[in-house]
Amino acid sequence: IGNTDRSTGAMLSGVIAGKYGEKGLPENTLNVKFKGSAGQSFGAFLVPGVNFNLEGEANDYLGKGLSGGKISLRPLIRSNFEAENNIIAGNTLLYGATSGEVYINGHAQ
């Protein structure tokens, strides 16, 4: 994933919500792994049953409008810095989120 990839997950969640309603999918139905530097609004509007795992970093608005999905973020495995002492997520996380889970191994700006 690259920093020009914005609102990753929004279209997917829209299709799932349109077909299955607000309940989404059964827990852990769809597990998607990403590697790199995600653009704004990574994991936007994720619905239940959708899990995003990002190895790298995320720009602003991670988890915007989160609606039951799960997001995990950790630095690249080959990183030579201590995750707990460094920023790996941008500003304004979880803006408008109503449910779901987010796990970040590091700091938000």
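Quick note: the sequence shown uses the numbering used here, first residue 1, plus one each step.
By construction, the Cβ of each residue, glycine as well, lies at the ideal position given by its N, Cα and C atoms.
Rounded to whole angstroms, residue 70 and residue 36 show a C-alpha spacing of 18 Å. Uninterrupted beta strand (DSSP E) stretches at least 3 residues long and entirely within the segment 41-80 occur at 50-58 and 67-74, given in chain order. Burial is judged here by how many other beta carbons sit within 10 angstroms of a residue's own beta carbon; residue 15 has fewer than 16 and is exposed.
When DSSP states are grouped into helix, strand and coil, residue 97 belongs to the coil group.
Short of 6 Å from the beta carbon of residue 57, and not among the five residues preceding or following it, lie these beta carbons of its own chain, in chain order: 37 and 88.
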